[in-house]
Each structure stands twice: as structure tokens, then as C-alpha cells.
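Enquirer:
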Amino acid sequence: EAQKLLELLQAQAEAAKMLREAIAARDAAMLEAALTTAKQVSFEGQLLVDAEQLRQTLIAQQQAAAALSAALQSNSMSRLAEALDQASRCGLNTGQVQVAQRRLEGLR
Numbered sequence: 168e169a170q171k172l173l174e175l176l177q178a179q180a181e182a183a184k185m186l187r188e189a190i191a192a193r194d195a196a197m198l199e200a201a202l203t204t205a206k207q208v209s210f211e212g213q214l215l216v217d218a219e220q221l222r223q224t225l226i227a228q229q230q231a232a233a234a235l236s237a238a239l240q241s242n243s244m245s246r247l248a249e250a251l252d253q254a255s256r257c258g259l260n261t262g263q264v265q266v267a268q269r270r271l272e273g274l275r
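Per my numbering: the sequence shown = residues 168 to 275.
Pasting the structure below:
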């Protein structure tokens, strides 16, 4: 019984380490792996919540970047405005956002 508890605590400590590293790296694949490991060992806590929120943010930012690329290729005012709004909502602030803003201003 004590050995099983010790193994669980060690596995949870390793999961916490993986979560911290994935959060620091802001890497979606690392976060996914760390979250899977954490759930497998019944890890709970604010670190898990933070990692899940970051994963959702990174996914939203990837989707916004893809929408910006498509909008830039289409050169459509409405698509650029919509993609810029999506980028703003998820906190995406890259050079691509600035290019899209300039393009939209040039189309107006």
C-alpha cells in the first residue's frame, strides 16, 4: 500500500515537472503530452488548470494565424477584419497581424 502511494506521488511529481516545462516552452505538443500524463496519474491543481488554459490559447492562436494567412491571400476586407478580430480575441500579436492590419488599412 505504501509503495503504491509512493509510486503515485513520484508519478504526480514527474507530471508536475512536465507541465511546468511545457508551460515554459509554450509548446502545444508538449502540453498535450504533459496533460495526458497528468490525467493518467490523477494529478490535480492549479498547474493543471493553467496548462489546459494555455493549451486552449495556443490552439486558438494557431487557428487565428491560419485564418490570417487565408485572409491575406484572399485580400478580402471582410476576411481580413474577421481574422484580425479572431487574432485579437486570442491575444495573437505577431508580424502577421501587423501585415494584415496594414493590408486592411490599404484596402479601406
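Beta carbons: idealized from backbone N, C-alpha and C, even for Gly.
Let's see if you can read the secondary structure: which residues bound the alpha helix (DSSP H) around Asp-217?
Expert: Within the sequence shown, the letter at position 50 stands for residue 217. Segment 213-241, the alpha helix (DSSP H) holding Asp-217.
Enquirer: Using the C-alpha atoms, what's the distance from Glu-181 back to Gln-207?
Expert: Here residue 207 corresponds to residue number 40 of the sequence shown, with the count starting at 1. Here residue 181 corresponds to residue number 14 of the sequence shown, with the count starting at 1. Going from the Cα of Gln-207 to the Cα of Glu-181 covers about 12 Å.
Enquirer: So, for Ala-218: in the same chain, excluding its five sequence neighbours on each side, which residues have a beta-carbon less than 7 Å away from its beta-carbon?
Expert: In the sequence shown, counting from the first residue as 1, residue 218 sits at position 51. Closer than 7 Å at Cβ, skipping near neighbours: Leu-186, Ala-189, Ile-190, Leu-198, Ala-201, Leu-202.
Enquirer: Sorted by chain position, which residues of the same chain lie with C-beta nearer than 7 Å to Arg-222's C-beta, five sequence neighbours on each side aside?
Expert: Here residue 222 refers to the residue found at position 55 of the sequence shown. Correct list, in chain order: Ala-195, Leu-198, Glu-199, Leu-202.
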